[in-house]
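For reference, the structure is listed below as structure tokens.
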Amino acid sequence: MSARELIALGTASQVPTRYRNHNGYLLRWDDEGFLFDPGEGTQRQMIYAGVTTAAITRICITHFHGDHCLGLAGISQRISLDRVPHMVHVYYPGSGQVYYERLRQASIFHDVALVEPHPISSPGEIHADAKLTLSTLPLEHGVEAWGYRLQERDSRTMLPDRLAAAGVRGPAVRRLMQDGQIVVDGRTVLLDEVSVHRRGQSVAFVMDTRVCDNAVALARDVDLLICESTYLDCDADKAHDHGHLTAAEAARIAAAAGARKLVLTHFSQRYTSVLPFVAEAQQYFENVVAANDGDTIAVPPRA
């Protein structure tokens, strides 16, 4: 079975600590690898996690504060050094084009990487293929910031016993899936008779933001919500002033959106333990974990 899991490469906010690197999150999704917000030191964290640059197919940057993007310089050069053979797509706020270009060419190197930039200027789908879509909505931070949502397309699961009873076999199964119906021995067999709807899995990535409607919209019914929780409620005034969330606010977003699992991250250096974050969040949303550097968190199986 293909892996669908989150690898937390870094879970600190603005200032790294002895135990937490700047941001960095790799979402393994079948044959794709989505690298979100590569902060400073991300390529070294990848070595610790056993992740190669060849695993990266798409890089998604929410905004251009340093703890969310400074690692792009090193990652860009490493992709080139390792001769990654496939195209790597990079999504980022269009208003930060100058920062993107500076990071891509931050120092002298022989650039042979296959990299395609995708500056974001409006909400909606920014990638779509036969298997999934990637979409984005603006969030509320001190600078332009975007959240991301990965959505697998819905499909059908064929039921072998019903296919056999209907006399559908071999190449006829594919024709039935494509056309929605097929004639077998003079009888029309409908796709709905021999299959069930299979809901696509989904993941939302909500980083630096105040509470806003778009955070809930991105997380609507997702299987996994990765959400910043920089502060505890005792410091809610700081969260609001700096455009961030508390653990309780992240949990209320997850509950309002109907998410299945919440991953808290992006912790301020002022806190020495994440246990209070989990306790605070679980007052509003039960299925919650606090990410530590190096953690691997599976996308929940389909309900």
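Using the numbering used here, the first residue of the sequence shown is number 1, and each one after it goes up by one.
Glycine included, every Cβ here is placed at the ideal spot set by N, Cα and C.
How big is the Cα-Cα spacing for residue 194 and residue 144? 48 angstroms
Residues near residue 345 in its chain [Cβ-Cβ closer than 6 angstroms; skip 5 each side]: The chain is shown only over 1 to 303; residue 345 falls outside these bounds and no answer can be derived.
Which residue from 15, 66, 134 puts its Cα closest to that of residue 102? Out of 15, 66, 134, 66 has the C-alpha closest to the C-alpha of residue 102.
Using 10 angstroms around the beta-carbon of residue 45, count the other beta-carbons present and answer buried if the total reaches 16, otherwise exposed. buried
Per DSSP, which one or two residues make a beta bridge with residue 119? 92
Specify whether the stretch 155 to 164 and the stretch 64 to 81 touch according to this definition: at least 3 beta carbon pairs, one from each stretch, less than 8 angstroms apart. no
Kindly list the residues whose CB is nearer than 7 angstroms to the CB of residue 62, restricted to its own chain and excluding five residues on each side of it in sequence; keep chain order. 37, 68, 145, 146, 147, 207, 208
Spatially closest choice to residue 262 from 274, 287, 276, by CA coordinates: Considering only 274, 287, 276, the residue with the shortest C-alpha distance to residue 262 is 287.
Cutting at 8 angstroms between CB atoms, please list the residues of its own chain near residue 108, excluding the five before and the five after it. none
Can you give me the Cβ contacts of residue 292 inside the same chain, cut-off strictly under 8 angstroms, excluding the 5 residues immediately before and after it? 8, 11, 19, 20, 274
Quick check on residue 52: does DSSP put it in helix, strand or coil? coil
I'd like the list of long-range same chain contacts for residue 176, defined as Cβ closer than 8 angstroms, with 5 residues on each side in sequence excluded. 168, 182, 189, 191, 194
Which of helix, strand or coil does DSSP assign to residue 285? coil
Hey, could you find the ends of the alpha helix (DSSP H) residue 242 is sitting in? Segment 236 to 242, the alpha helix (DSSP H) holding residue 242.
Based on Cα-Cα distance, which residue from 133, 279, 99 lies nearest to residue 203? Checked all of 133, 279, 99; the closest Cα to residue 203 is 133.
Pick from 64, 71, 90, 40 that is closest to residue 34, judged by C-alpha positions: 90
Quick one: give me the first and last residue of the alpha helix (DSSP H) that residue 97 is part of. 97 to 104
What would DSSP say about residue 42, mapped onto helix, strand or coil? helix
What do you get for residue 97, buried or exposed, if any count of 16 or more other CB atoms within 10 angstroms of its CB means buried? It counts as exposed.
Whole alpha helix (DSSP H) elements within the stretch 152 to 238, 4-residue minimum: 160 to 166, 171 to 179, 213 to 218
Residue 277 and residue 232 look like a contact to me (Cβ under 8 angstroms); what is the Cβ gap, rounded to whole Å? 7 angstroms
Minimum C-alpha distance to residue 155 - residue among 139, 294, 198: 198
Residue 283 beta carbon less than 8 angstroms from that of residue 248: yes
Using a Cβ-Cβ cut-off of 7 angstroms (strictly less than) and excluding sequence neighbours within five positions of residue 185, which residues of its own chain qualify? 167
Please classify residue 269 as buried or exposed, where buried requires at least 16 other C-beta atoms within 10 Å of its C-beta. exposed
Do residue 75 and residue 105 have their CB atoms nearer than 8 angstroms? no
Collapsed DSSP secondary structure at residue 127 in the structure displayed: strand
May I have the straight-line CA-CA distance separating residue 88 from residue 57, to the nearest angstrom? 5 angstroms
Judging by CA-CA distance, which residue of 299, 229, 242, 271 is the nearest neighbour of residue 307? Absent from the model: residue 307. The displayed extent of the chain is 1 to 303, so no value can be given.
Below 6 angstroms CB to CB, which residues in the same chain sit around residue 302 once its five sequence neighbours on both sides are set aside? none
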